[in-house]
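Undergrad: Input: one structure, supplied below.
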Amino acid sequence: MRSARRPTGTLDWALWDIATPRPPCRLPGVGMAGFRPRVHTSADIAMIAHPSLTLLVDMSDEGSLLHDAHGRRGRGSVVAGLLPGALRASGRVGEVLQIRLDPVAAAVLLRASPDLCGTVVPLEEVWGRDAGQAEERLRAAASWDERFAAVVDILGRRLTEPPARSPVDGEVAHAWRRIRASRGRIRVDSLADEVGWSRKRLSARFRSQLGIAPKRAARLVRFDHAAHLLAAGLGAVDVAAASGYVDQSHLAHEVKEFTGFTPTAVAAAPWLAIDDIAWPSSSPSRSPGTRG
Numbered sequence: 463m464r465s466a467r468r469p470t471g472t473l474d475w476a477l478w479d480i481a482t483p484r485p486p487c488r489l490p491g492v493g494m495a496g497f498r499p500r501v502h503t504s505a506d507i508a509m510i511a512h513p514s515l516t517l518l519v520d521m522s523d524e525g526s527l528l529h530d531a532h533g534r535r536g537r538g539s540v541v542a543g544l545l546p547g548a549l550r551a552s553g554r555v556g557e558v559l560q561i562r563l564d565p566v567a568a569a570v571l572l573r574a575s576p577d578l579c580g581t582v583v584p585l586e587e588v589w590g591r592d593a594g595q596a597e598e599r600l601r602a603a604a605s606w607d608e609r610f611a612a613v614v615d616i617l618g619r620r621l622t623e624p625p626a627r628s629p630v631d632g633e634v635a636h637a638w639r640r641i642r643a644s645r646g647r648i649r650v651d652s653l654a655d656e657v658g659w660s661r662k663r664l665s666a667r668f669r670s671q672l673g674i675a676p677k678r679a680a681r682l683v684r685f686d687h688a689a690h691l692l693a694a695g696l697g698a699v700d701v702a703a704a705s706g707y708v709d710q711s712h713l714a715h716e717v718k719e720f721t722g723f724t725p726t727a728v729a730a731a732p733w734l735a736i737d738d739i740a741w742p743s744s745s746p747s748r749s750p751g752t753r754g
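Laid out in structure tokens, this is it:
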């Protein structure tokens, strides 16, 4: 194995205020957070693979959020699909709203194409023609609480729009929930038995509706759990055992595949700071509804 390489990242989260929604603003399958720099600063954020669609909504009027993925550069709000790979957000970043949708929620709320898996695209390509209107409403809000409430309202309205029928089969949604609940430690055969389908049928429906095969989804969810244990300070040996990996080398192989780095490097990676699970609950920069 190659020597450890520390991920590049110059972001100092002590210079940022981080806001999360109060419980009444939460929606199933939806996570939100807001970021505001305490001083006008340049940022360099490398995003780690995550079992959700991640929407980064640029709250600045000039589109200061720069993003670079797979050699494609852009500016402004962006959507990163499952397994985004080398996505970096940089520049003199102002306020940013992060919305994370699990694959089932994304399919229902955004009518998102499964082909988004592994891609990074401008927000309007996924949100639709009213993306600009939604961004304007969010920028005009006086506080993060108002922004979070606006997101809940906007997404709630989309739930009432046709088609009325969910694009995700109940069996597929159940399989996804079981994968998350088991932290990726459930076999596809067991999922198929639970829903009364063949393994082949479940895999095909899951892939066509959520954009990722169930086995791959389970690996991603298990990796996500392991990454947060690493960020919490657990050693690689303990993380491997707690996450269901055969041994430490198995963990290292999975981490390398999903990130390109070693477990030691991932444990110190600044990208985990943008995940609300990884933020220390006692962090002075994190608070519900911090004003924008």
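Just so we're aligned: the sequence shown equals residues 463 to 754 in my numbering.
Heads up, the beta-carbon is just placed ideally off N, CA and C, and yes, glycines get one too.
Measure the alpha-carbon distance for R620 versus G632 and round it to whole angstroms.
TA: Whole-angstrom Cα-Cα distance: 19 Å.
Undergrad: Run the CB neighbour count on A495, radius 10 Å, all protein chains shown included, and call it buried at 16 or more, exposed below.
TA: By the 10 Å Cβ count, A495 comes out buried.
Undergrad: Name, in chain order, the residues that DSSP records as bridge partners for A495.
TA: Q560, per the DSSP bridge assignment.
Undergrad: Please look up how many angstroms separate the CB atoms of L692 and V701, rounded, as I've assumed it's under 8 Å.
TA: About 6 Å separates the two Cβ atoms, so the contact holds.
Undergrad: Which residues share a DSSP beta bridge with L489?
TA: According to DSSP, which records beta bridges pairwise, L489 is partnered with V492.
Undergrad: Using the rule of at least 16 other Cβ atoms within 10 Å of the residue's Cβ for burial, across every protein chain shown, is T516 buried or exposed?
TA: It is buried - the Cβ of T516 has at least 16 other Cβ atoms within 10 Å.
Undergrad: I'd like the list of long-range same chain contacts for A637, defined as Cβ closer than 7 Å, with 5 residues on each side in sequence excluded.
TA: For A637, where only same-chain residues beyond five positions count, the Cβ hits under 7 Å are L653, V657, L664, F668 and P676.
Undergrad: On the CB-based measure, 16 or more other CB atoms within 10 Å of its CB, does A481 come out buried or exposed?
TA: The residue in question, A481, is buried, as its Cβ has 16 or more Cβ neighbours within 10 Å.
Undergrad: Taking the runs of the alpha helix (DSSP H) that are 4 residues or longer, which of them lie wholly in the stretch 616-642?
TA: Segments of the alpha helix (DSSP H) lying fully in the stretch 616-642: there are none.
Undergrad: Alpha carbon to alpha carbon, how far is G754 from S605?
TA: Annotation note: pLDDT 39 at G754 (below 50); position unreliable, coordinate value reported separately. Using only the alpha carbons, I get a separation of about 5 Å.
Undergrad: Return the bridge partner residues of T516 from the DSSP annotation.
TA: DSSP lists A542 and R562 as partners of T516.
Undergrad: Can you tell me which of the three DSSP states S465 falls into?
TA: Only weak support exists for where S465 lies, its pLDDT of 28 falling under 50; the value from the coordinates is given anyway. Note: S465 maps to coil in three-state DSSP.
Undergrad: Excluding the five sequence neighbours on either side, which residues of its own chain have a C-beta within less than 8 Å of the C-beta of R640, listed in chain order?
TA: Correct list, in chain order: I648, L653 and E656.
Undergrad: Using a Cβ-Cβ cutoff of less than 8 Å, which residues in the same chain neighbour G538 once the five nearest sequence positions on both sides are dropped?
TA: Excluding positions up to five away in sequence, the list reads D520, G525, L527, P584 and L585.
Undergrad: Where DSSP assigns a beta bridge to W589, which residues make up the other side?
TA: BP columns for W589 are empty, so no partner.
Undergrad: What does DSSP give as the partner residue(s) for V583 in the beta ladder?
TA: Answer is V541, bridged to V583.
Undergrad: Measure how close the beta-carbons of L544 and G580 come, nearest whole angstrom, since I'm counting them as under 8 Å.
TA: About 7 Å; that satisfies the 8 Å criterion.
Undergrad: Count the other CB atoms within 10 Å of the CB of A698; is the residue buried (16 or more) or exposed (fewer)?
TA: Result: buried.
Undergrad: With DSSP run on the structure shown, which of helix, strand or coil describes D700?
TA: In this structure, D700 counts as helix in the three-state DSSP scheme.
Undergrad: To the nearest angstrom, how far is it from the Cα of W478 to the Cα of I674?
TA: Computed Cα separation, rounded: 34 Å.
Undergrad: Please report the distance separating the alpha-carbon of L696 from that of S705.
TA: Going from the Cα of L696 to the Cα of S705 covers about 12 Å.
Undergrad: Let me make sure I understand the geometry here. Which of K718, P490, R609 and F685 has the alpha-carbon closest to that of D564?
TA: If we check each option's Cα against that of D564, P490 comes out closest.
Undergrad: Mapping DSSP to helix, strand and coil, what is R645?
TA: R645: coil per DSSP, three-state reduction.
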